[in-house]
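Mapping of the sequence shown onto full-length UniProt numbering: position 903 corresponds to residue 903, and the numbering continues sequentially without gaps.
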Amino acid sequence: MTLPPFVRRHIGSLATPGADAAGATMLAALGLDSLDALVNAAVPASIRLDRTLDLPAGRTEEEVTATLREIAGMNTVRTEMIGLGYHPTVTPAVIRRNVLESPAWYTAYTPYQAEISQGRLEALLNFQTVVSDLTGLPVAGASLLDEATAVAEAILLMRRAVKGRADGVVVVDADCLPQSIAVARGRAEALGLPLVVADLTGEGGLDAVEGDVVGVVLQAPGASGAVRDLAPLIAQAKARDALVTVAADLLSLTLLTPPGEQGADLAVGSAQRFGVPLFYGGPHAGYIAVRSGLERTLPGRLVGVSVDADGATAYRLALQTREQHIRREKATSNICTAQALLAIVASMYAVYHGPGGLREIAERVHSRAVALADGLRAGGVEVVHAAFFDTVLAHVPGRADAIVAAAAERGINIFGRDADHVQVACDETTTPATIALVLEAFGAGVASETEPTTSALPEALRRTSEYLTHPVFHAHRSETAMLRYLRALSDKDLALDRTMIPLGSCTMKLNATTQMEPMSWSAFADIHPFAPREQAAGYTRLIGELEGWLAEITGYAAVSVQPNAGSQGEYAGLLAIREYHRAGTQPGAAPRDICLIPASAHGTNAASAALVGLRVVVVATADDGAIDLDDLRAKLAEHGERVAAIMITYPSTHGVYEDTVRDVCSLVHAAGGQVYVDGANLNALVGLAQPGEFGGDVSHLNLHKTFCIPHGGGGPGVGPVAVAEHLVPYLPGDPSPSGTWATDSPTGTAPVSGAPYGSAGILMIPWAYIALMGPDGLTAATASAVLTANYVARRLADHYPILYTGPGGLVAHECILDIRPLTAETGVTAEDVAKRLMDYGFHAPTLAFPVPGTLMVEPTESEDLAELDRFVDAMIAIRREIQDVADGRWSAAESPLRGAPHTAASLIADEWTHAYSREEAGYPLPSLRAGKYFPPVRRIDGARGDRNLVCSCPPIEAYAEGAL
C-alpha cells in the first residue's frame with residue numbers, strides 16, 4: 001500500500017529517517033512483525049470493516065490548499081451589517097499571529113494541571129475580569145460556547161437556584177435574539193420546564209404575565225436595537241421573587257449602565273466582537289457572570305487565584321468537583337462547554353485596547369449608527385427607536401425586501417425583520433462611506449459629511465462606574481509590549497508545540513499547519529451566519545462534503561455539524577433518540593425515559609442524559625473492564641419498555657476493544673432501546689470499524705480530537721452528531737431567524753447552538769485532514785495509534801501494572817497505569833506522579849479517570865519513537881523514585897515526588913532542606929540538560945482556592961501585600 005505523502009508527516013513512526021526501523025522496533029517489542037498482525041490481534045474480527053473506506057484518495061498539501069482556495073472563492077464576502085449578536089471586528093495582527101495562529105496557544109490542553117498552565121490561566125482570568133467589570137457582577141466564568149447556549153445555561157441556573165417552585169415559569173422577552181429564543185425553547189422543552197416568550201415592552205411589562213415567575217431573561221440592547229431602562233422590569237421581577245438574566249452586548253457596556261448595577265442576578269452574552277472573526281457562526285466565546293451567592297452553581301469553568309507551596313500567587317480551575325465524571329447526572333453543567341482559545345483572543349483584545357480604547361471604539365460605533373439614523377430621518381424614513389447603541393430599526397411599509405436587495409447590490413448585507421421593517425447594525429469596521437451606501441439603498445439621500453454631535457443614548461442610562469482598572473489593561477499599549485506579554489504567558493505553559501501530551505481519551509495529536517491556515521482567510525472568516533445561503537456556496541460545499549465523509553467513516557446515514565462541542569453532540573444525539581421514541585409512543589404507554597450508562601463511561605454522558613430529561617441507570621463493569629452483560633440483562637429486565645437508550649464508549653473508556661459490543665447492541669435493540677456510541681475514542685476505529693455498522697444508532701464525533709481540530713486550551717471544539725436512517729428526521733433544527741424555533745410555533749427537533757452550522761469557521765481543519773490522509777492514510781493512522789499505545793504499555797508493564805487489557809495482553813489506543821498498589825505500599829499517589837512528570841518536561845496523563853488512583857495514557861499516532869521513549873524513560877525514572885520511598889531512602893512526604901514540581905527559583909534558593917539534592921529535583925535525567933522546562937509555580941493549594949474564591953484580577957496591592 002502506497003500512502004499519501006502527508007501521511008508520513010502526520011504519523012510519527014513514519015516521519016523520521018529509518019521510519020521502517022522505528023515501526024519495526026515498536027512491533028518487535030510486542031512480538032509482532034506487521035501492523036496488520038497487530039490490528040488482527042487487537043481488534044475483534046466481529047466488528048472489522050471488510051472494505052476500504054469510500055473516500056477520495058489522499059492529496060498533497062499543495063493540492064489541498066489549492067482546493068480550499070477554490071472553495072473559499074465560492075463564498076461572497078459582503079459588508080456584514082445584519083447584527084443579531086454577530087458583528088465584524090478587527091483582530092489586532094499581533095493577537096491574530098501570536099494567539100489565534102500560534103501553536104503555543106492553540107495546541108494547549110484544558111488547564112487541569114494548573115502548574116504548567118499558568119499562562120493560559122492568567123489569560124482566562126483576564127477574560128473573567130473583562131466580563132465581570134463590564135457587566136457589574138462579581139463572578140464571571142472562563143467562557144461558554146456561544147450566546148444562545150449561554151442563555152439556556154442561565155435559564156437552567158435560575159431554575160436550580162429557585163427552590164420549591166417547580167411550576168414556576170421562566171419568561172423570555174420577545175426582543176431577545178431569535179437564535180437565543182430558539183435554543184432556550186428547545187432546552188426547556190427537553191426538560192419539561194415551563195417557558196414563556198412575552199413582549200415585556202408593552203403596558204404593564206412583567207405584570208402582564210400571569211402565574212409564578214421564577215426567572216426573566218432580557219436583552220440589552222434588544223434584538224431590535226432598542227436601548228431601554230431595564231431597572232423597572234428588574235424591580236418587577238424582584239417583587240415576584242424571580243431571578244433576572246440580562247443578555248448584554250459587552251461593547252455597549254463601556255457606555256451603558258451594566259446589568260449588575262441595575263439589579264440583575266446574571267449576565268450572559270458573546271465576546272465575539274472583541275476581536276474574534278465572524279467565522280460563519282463560530283467558534284466564539286460565550287460568557288456568563290453572576291452575583292454573589294450564585295458562584296457555586298455557575299456552569300462551565302471558573303479560574304481562581306490561590307497560592308503554591310512557597311506561598312506565591314498561582315492560578316487554577318476552581319470548583320472542579322463540578323467535573324462530570326465526579327458529579328455525573330447531578331452535575332450543574334458540562335465543564336467541556338467552553339471556548340478557551342477564543343476567550344483568550346477576546347481578553348487580549350481588551351488588554352490591547354484598554355478601557356479607553358474600548359470606549360473609543362464603542363463611541364465610534366454609536367456615532368456611525370447615529371449618522372445612519374439622522375440620514376434616514378432626513379430622507380423621510382421612520383426610525384423606530386429613539387434610543388439605540390449600534391442597530392437602527394427602520395419602518396419601511398412594504399419596502400423591506402427591496403431595500404435589502406438594494407443594499408446587497410451595493411455589497412452590504414442588512415436584515416429584513418419583516419415586510420415592513422429593516423434593521424442595520426454598525427460595528428468597528430463601519431465607515432462613513434458604508435453609511436452613505438446604506439442610505440442610498442433606502443433612497444434616503446446623502447449622508448452628512450460631519451460627525452454627529454448628538455447621542456441616542458439617554459443620559460440616565462450612561463455608565464458612570466469605572467472598569468478594567470487593573471494594571472494589565474494599561475501596561476501593554478505598544479505592540480512590542482503586547483508581543484512580549486503574549487510570549488511571556490505562552491512560555492509558562494506546556495503545550496503540544498513543546499512536548500507530547502499523553503492524555504488518555506483526549507487525543508492530543510498533530511494539528512498540521514496546512515489544515516490550520518485557511519481559517520484565517522477572509523473568505524472563510526468574514527461571513528455572517530445569517531447571510532443569504534447563496535453567498536456561502538463555498539461553505540455549503542465544504543460542509544456537505546465533510547458531512548458525507550464523516551457519514552462514510554462512521555457507517556451512518558447522515559451527519560449534522562451544528563453541535564459546537566462534544567458535549568453538545570451528546571445532547572443532540574440523545575435529543576434525536578428522545579424525539580424518535582416520542583414519535584412512536586402509543587397513547588397511554590409508559591414513556592421511554594431511562595438511559596443505561598456503564599459505570600466506566602465519560603461523566604459527560606450522564607450529564608447529557610439528564611439534560612434531555614432521561615433518568616440514568618448505571619450498568620456495572622466486569623472485572624476485565626467490559627460492560628457486565630449479566631448486569632445489563634438484569635437492568636433491561638427490570639426497566640423493560642422504559643429503556644430509551646444505552647450510552648457506550650467504544651473502544652471502552654478503559655482502552656480495550658470489547659468483543660461483546662454487538663451483543664450489547666442486540667440486547668438493547670431487542671428491548672426497544674437505541675444505542676448511542678460515544679465518539680470520544682473514534683480514533684481507534686477509523687478505517688477499521690464503523691459504529692453504525694456494528695450496532696450504533698447515533699454517535700457524536702469529536703472533531704477536535706480524532707479529526708485534528710486543536711484543543712485550544714479547552715475549546716474550540718466541534719461535536720457533530722451522526723445518525724442512522726431512522727433518526728435523520730430528528731437531527732438539530734435551524735436556530736436562525738427564519739427557523740421555526742425562533743417563532744411561537746416550533747416544529748421538528750430543537751437546535752442545539754446559535755448558528756445553523758455551529759463552529760463552521762474551523763470545519764476546514766477536519767476537511768483538510770481527511771483530504772490529506774485519504775482512506776489508506778486514515779486507516780494507517782488508526783493502526784499506528786494502536787501501535788504506539790501498545791508499545792508504551794509493553795515497555796511500562798514491568799514497572800506499572802496495566803489495569804485492563806484485551807486478548808494477548810493488548811490494549812486499544814490508550815492504556816491505564818494502576819498506581820494504587822504503589823500508593824498502598826509507599827503513600828505515593830497518582831497525583832504525585834502527575835506533578836513529578838512536570839519536572840521531566842511532560843504534561844501528565846489523564847489523572848484519576850476512569851479509575852481513581854490511576855493514570856490513563858494515550859500517545860497518539862503523531863508521536864515518533866524518540867518522543868515515546870523519552871516519556872517511557874521519564875516514567876521509569878519516576879518508578880525508581882517510588883522504589884526509593886519503598887526502600888526507605890526517603891519518605892513519601894520528603895521525596896521529590898511530593899515536592900514536585902520544582903521551579904527554577906526553588907532550586908537556587910539559599911536554603912535547601914529537602915532529603916534529595918537540587919540536581920535530583922531539577923535534572924533527574926541527564927537528557928533534560930539539553931532543554932529544560934521549569935514550571936513557573938510549585939504545587940498549588942486547591943482546597944484553599946475553593947474556600948476563598950478569587951475569580952478576577954485582584955487589586956494590584958493584594959499581590960504586593962501578600963493578601964492572597
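Heads up, the beta-carbon is just placed ideally off N, CA and C, and yes, glycines get one too.
Predicted model, so just to flag it, every value in this text is computed and none were measured.
| query | result |
| --- | --- |
| Any 3 or more C-beta pairs closer than 8 Å across the region 52 to 60 and the region 751 to 759 | no |
| Closest Cα partner of Tyr-539 within the set Gly-673, Val-139, Gly-566, Asn-75 | Asn-75 |
| Assigned secondary structure, His-395 (DSSP; H/G/I helix, E/B strand, else coil) | strand |
| For Thr-660 and Leu-629, believed in contact at Cβ under 8 Å, the rounded distance | 6 Å |
| Pick from Gly-655, Gly-673, His-639 that is closest to Ile-646, judged by C-alpha positions | Gly-673 |
| DSSP bridge partner residues for Tyr-86 (one or two, in chain order) | Gly-83 |
| Classification of His-325 by the beta-carbon crowding that lies within 10 angstroms, buried from 16 upward | Because His-325 carries a pLDDT of 44, less than 50, the predicted location of this residue cannot be relied on, and the following value inherits that uncertainty. Counting Cβ neighbours within 10 Å, His-325 comes out buried, since at least 16 surround it. |
| Residue environment, Gly-569, which counts as buried when at least 16 other CB atoms sit within 10 Å | buried |
| Distance between Val-183 and Ala-601 (C-alpha atoms, nearest Å) | 27 Å |
| At least 3 beta-carbon pairs within less than 8 Å: the region 286 to 297 vs the region 134 to 153 | yes |
| Neighbour-count burial assignment, Thr-747, 16 or more Cβ in a 10 Å radius | exposed |
| Alpha carbon of Gly-942 to alpha carbon of Leu-319, nearest angstrom | 9 Å |
| Pick from Val-216, Gly-588, Asp-864, Leu-703 that is closest to Leu-546, judged by C-alpha positions | Leu-703 |
| Assigned exposure category for Ala-590 - 16 Cβ within 10 Å defines buried | exposed |
| Runs of alpha helix (DSSP H) wholly within the region 521 to 581 (minimum 4 residues, chain order) | 522 to 525, 537 to 554 |
| Residue environment, Glu-80, which counts as buried when at least 16 other CB atoms sit within 10 Å | buried |
| Alpha-carbon spacing of Thr-514 relative to Ala-768, whole angstroms | 8 Å |
| Exposure label - Arg-880; buried when at least 16 CB within 10 Å | exposed |
| Cβ pair count under 8 Å reaching 3, the region 480 to 493 against the region 94 to 112 | yes |
| Among Val-345, Lys-705, Val-675, Pro-283, the one whose alpha carbon lies nearest that of Ala-684 | Lys-705 |
| Proximity to Ser-465 [Cα-Cα], best of Thr-257, His-284, Ala-362 | Thr-257 |
| Runs of alpha helix (DSSP H) wholly within the region 446 to 496 (minimum 4 residues, chain order) | 479 to 491 |
| Per DSSP, cross-strand counterpart(s) of Cys-595 | Val-616, Ala-645 |
| Exposure of His-10, with buried meaning 16 or more beta-carbon neighbours within 10 Å | buried |
| Complete alpha helix (DSSP H) runs within the region 42 to 119 (minimum length 4 residues, chain order) | 61 to 73, 103 to 106 |
| Residue burial classification, Asn-413 (beta-carbon count within 10 angstroms, cutoff 16) | buried |
| CA-to-CA distance, Ala-436 to Ala-444, given in whole angstroms | 9 Å |
| Residues that DSSP places opposite Gly-304 in a beta bridge | Arg-316 |
| Residue of Glu-63, Pro-44, Gly-23 minimising C-alpha distance to Pro-5 | Glu-63 |
| Which residues DSSP lists as bridging His-856, in chain order | The identity of residue 856 in the sequence shown is Met, whereas the question assumes His. DSSP output for Met-856 lists Ile-816, Thr-846 as bridge partner(s). |
| Contiguous beta strand (DSSP E) assignments of at least 3 residues, all confined to the region 691 to 737 | 698 to 701, 721 to 723 |
| Strand pairing of Val-244, partner residues [DSSP] | Val-216 |
| Three-way DSSP call (helix, strand, coil) for Arg-662 in this model | helix |
| Rounded separation between Leu-855 and Ser-490 - CA only | 26 Å |
| Buried versus exposed, by CB contacts within 10 Å (16 or more), Ile-908 | exposed |
| Leu-636 to Cys-665 span [Cα, whole Å] | 12 Å |
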